[in-house]
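**Student:** So the sequence lines, in the order shown, correspond to chains A and B. Numbering that gives the first Met the number 0 applies: residue 0 is where the first sequence begins, and numbers increase by one. Numbering that gives the first Met the number 0 applies: residue 0 is where the second sequence begins, and numbers increase by one. Input: one structure, supplied below.
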Amino acid sequence: MNCDEFQTLLGPYLDSELDARTTLEVSRHRQTCPKCARLAAGEELLEARLKTALARGGRTPELWERIERAVVTSAQRTARTEPSAKVSALDSLQRSLLALLALFRAGWRRSPRAWAGLATVWLAILALRFAAGSADAPPAALQGAPAPSAIRFALEQKHILMADLAPAPDAAAAGKTSTPAPSPRSDRLGQTRNT
Amino acid sequence: MGNMGETPTAAADRFLALLKPVERDLERYCRRLSWEPAEAADVLQNAVLRAFAAFDRYQEDASFRAWIFKIATREAFAMNRRHARIARFEFQIEPEELADLPGPGLAESPEPFQDTLEPSLAAGLRTLTDTERAVLLLRAIGELRYREISETLGIPIGSVMGNLSRARQKMRARLARPAPQTELLKEDGS
Numbered sequence: 000m001n002c003d004e005f006q007t008l009l010g011p012y013l014d015s016e017l018d019a020r021t022t023l024e025v026s027r028h029r030q031t032c033p034k035c036a037r038l039a040a041g042e043e044l045l046e047a048r049l050k051t052a053l054a055r056g057g058r059t060p061e062l063w064e065r066i067e068r069a070v071v072t073s074a075q076r077t078a079r080t081e082p083s084a085k086v087s088a089l090d091s092l093q094r095s096l097l098a099l100l101a102l103f104r105a106g107w108r109r110s111p112r113a114w115a116g117l118a119t120v121w122l123a124i125l126a127l128r129f130a131a132g133s134a135d136a137p138p139a140a141l142q143g144a145p146a147p148s149a150i151r152f153a154l155e156q157k158h159i160l161m162a163d164l165a166p167a168p169d170a171a172a173a174g175k176t177s178t179p180a181p182s183p184r185s186d187r188l189g190q191t192r193n194t
Numbered sequence: 000m001g002n003m004g005e006t007p008t009a010a011a012d013r014f015l016a017l018l019k020p021v022e023r024d025l026e027r028y029c030r031r032l033s034w035e036p037a038e039a040a041d042v043l044q045n046a047v048l049r050a051f052a053a054f055d056r057y058q059e060d061a062s063f064r065a066w067i068f069k070i071a072t073r074e075a076f077a078m079n080r081r082h083a084r085i086a087r088f089e090f091q092i093e094p095e096e097l098a099d100l101p102g103p104g105l106a107e108s109p110e111p112f113q114d115t116l117e118p119s120l121a122a123g124l125r126t127l128t129d130t131e132r133a134v135l136l137l138r139a140i141g142e143l144r145y146r147e148i149s150e151t152l153g154i155p156i157g158s159v160m161g162n163l164s165r166a167r168q169k170m171r172a173r174l175a176r177p178a179p180q181t182e183l184l185k186e187d188g189s
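Now the structure itself:
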């Protein structure tokens, strides 16, 4: 290391900002070069006296008491105006349920038959879903309800219909060959229906 | 403010606990960085309250010291800009004139806020640009690393080193001049 490099690195060296290897090189040069050693000593003295001079003047107790009171007051003001997140979530849920109940009561008074019909439809849908899911259910329990195989067939037909209606993929952009047009529905119907 | 689920009062307690170890250095920093010594108390108070308002954004694994010094720096620069100061000071304020200057915050704070800095050092600091002064003070008082100073001021680390080097050269030149009177620093650096 030469003197120019030492002088360039002196500031970061004294601030302990250099990596270990560079710090060692700088230290070695300082030990071997009297001129650079004097320069380093002068910079260390300047820094020490600057720190001492700037460190004068302590903490002003009255000022900090005022500041801390302002922080506490700000926090208390916030606590009064903003309820806790948990309380406000429960509160909004409660309000939503009450609003739903009021809506149901109003509708029931206006037209009991309409609401009864709506409830029946929902029950039927629930029953269908239950029936579709329970493969081990005895045949007696499913009397009057569609067979699971019929439901599966209906779902497959739905998928085929959706596939027909889906737009053809852009083969040019994807760099693939265009997919063949789907076969007529009647062919697929014969292939998939198994009862 | 504060962590999720933490009450504002608990957040205030946690904030004040983190603030306690840096209060002295923060006060000295605001005092040295402000162009108007009379406004340093306002700068300090505004900085602390602004930090508390933003406490929910403070990451616990980060350095609280660096974080609050950054907020204080912005507050001091904003106050300095408000007085339309340029990098080189336009006129010198004699120490006895300081008491006659109106201060917006001092009317509320009866405690004295005297500048105890050596006159030659105070004069030397006034010759620095805002950035040079901030870098010097963040290093000397804030004891921040170069990387932290870079993040605080939003300048590259190379600029931090350059500004610090220039600030030290100017301070050395300033302190070397009145050496016989102040005995602070002689020409040969001793």
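All C-beta atoms, glycine included, are put in the ideal place defined by N, C-alpha and C. None of these values were measured; they are calculated from a predicted model.
Compute the distance between the beta-carbons of R56 of chain B and I70 of chain B, then report whether it is under 8 Å.
**Tutor:** Not a contact, by the Cβ cut-off of 8 Å.
**Student:** Output, in sequence order along the chain, the residues in the segment 52-68 of chain A whose CB is closer than 9 Å to any CB in chain B.
**Tutor:** Those residues of the segment 52-68 of chain A that come within reach of chain B (Cβ to Cβ, closer than 9 Å) are A52, L53, A54, R55, G56, G57, R58, T59, P60, E61, L62, W63, R65, I66 and E67.
**Student:** Would you please verify whether the beta carbon of D14 of chain A is less than 8 Å from any beta carbon of chain B?
**Tutor:** Yes, because at least one Cβ of chain B sits closer than 8 Å to the Cβ of D14 of chain A.
**Student:** Could you name the residues of chain A that F14 of chain B contacts, counting a contact when the two beta carbons are closer than 7 Å?
**Tutor:** Going along chain A in sequence order, the residues near F14 of chain B (Cβ under 7 Å) are V70.
**Student:** Helix, strand or coil: which one does DSSP assign to G141 of chain B?
**Tutor:** Of the three classes helix, strand and coil, the one that applies to G141 of chain B here is coil, per DSSP.
**Student:** Helix, strand or coil: how does DSSP classify L127 of chain B here?
**Tutor:** L127 of chain B falls in the coil class under three-state DSSP.
**Student:** Taking the alpha helix (DSSP H) that Q6 of chain A belongs to, which residues open and close that run?
**Tutor:** Start and end: C2 to L13.
**Student:** Mind checking whether E117 of chain B and A52 of chain A have CB atoms under 8 Å apart?
**Tutor:** Their beta carbons are under 8 Å apart, which means E117 of chain B touches A52 of chain A by this criterion.
**Student:** Look up Y57 of chain B in the DSSP assignment and say whether it is helix, strand or coil.
**Tutor:** The answer is coil: DSSP assigns Y57 of chain B none of H, G, I, E or B.
**Student:** Give me the Cα-Cα distance between T119 of chain A and A52 of chain B, rounded to the nearest whole angstrom.
**Tutor:** Taking the straight line from one Cα to the other gives about 55 Å.
**Student:** Using the beta-carbon of each residue, which ones in chain A are nearer than 9 Å to P155 of chain B?
**Tutor:** Residues of chain A passing the Cβ test: none, with the nearest at roughly 14 Å.
**Student:** With distances taken between CB atoms, is the gap from I156 of chain B to R165 of chain B smaller than 8 Å?
**Tutor:** Not closer than 8 Å, so no.
**Student:** Which residues in chain B sit within 7 Å of K50 of chain A, going by Cβ to Cβ distance?
**Tutor:** Residues of chain B passing the Cβ test: A139.
**Student:** Consider the Cβ of A10 of chain B: report whether some Cβ of chain E lies at a distance smaller than 8 Å.
**Tutor:** In the structure shown, chain E does not exist; the protein chains are A and B.
**Student:** Report the rounded CA-to-CA distance for S149 of chain B versus R64 of chain B, giving the unit in angstroms.
**Tutor:** Using only the alpha carbons, I get a separation of about 14 Å.
**Student:** For Y28 of chain B, which of B:L124, B:E59 and B:A10 has the nearest alpha-carbon?
**Tutor:** The option with the nearest alpha carbon to Y28 of chain B is B:L124.
**Student:** Closest Cβ-Cβ distance between M78 of chain B and chain A: below 8 Å?
**Tutor:** No, no contact with chain A.
**Student:** Just the C-alpha distance for L8 of chain A and D41 of chain B, rounded to the nearest angstrom, thanks.
**Tutor:** Going by the C-alpha atoms only, they are around 39 Å apart.
**Student:** Residues of chain B with a CB under 7 Å from the CB of A11 of chain A: which are they?
**Tutor:** Residue 11 of chain A is actually Pro in this sequence, not Ala. Residues of chain B passing the Cβ test: M160.
**Student:** Short of 6 Å in beta carbon distance, which residues of its chain neighbour L49 of chain A, apart from the five on each side in sequence? Order them along the chain.
**Tutor:** Answer for L49 of chain A: no residue qualifies.
**Student:** Would you mind telling me which residues of chain A sit closer than 7 Å to E117 of chain B, beta carbon to beta carbon, in chain order?
**Tutor:** Within chain A, the residues near E117 of chain B are A52.
**Student:** How many angstroms separate the CA atom of G141 of chain B from the CA atom of L92 of chain A?
**Tutor:** In a straight line, the C-alpha of G141 of chain B is about 49 Å away from that of L92 of chain A.
**Student:** Quick check on S73 of chain A - is its C-beta less than 8 Å from some C-beta in chain B?
**Tutor:** It does; some Cβ of chain B falls within 8 Å.
**Student:** Note down, in chain order, every chain B residue with its Cβ under 8 Å from the Cβ of L17 of chain A.
**Tutor:** Neighbours of L17 of chain A on chain B: none; closest Cβ ~10 Å, over 8 Å.
**Student:** Skipping 5 residues on each side, what residues in its chain have a beta carbon closer than 7 Å to that of F159 of chain B?
**Tutor:** Note on identity: in this sequence residue 159 of chain B is Val, with Phe being the wrong assignment. V134, Y145, I148 and S149.
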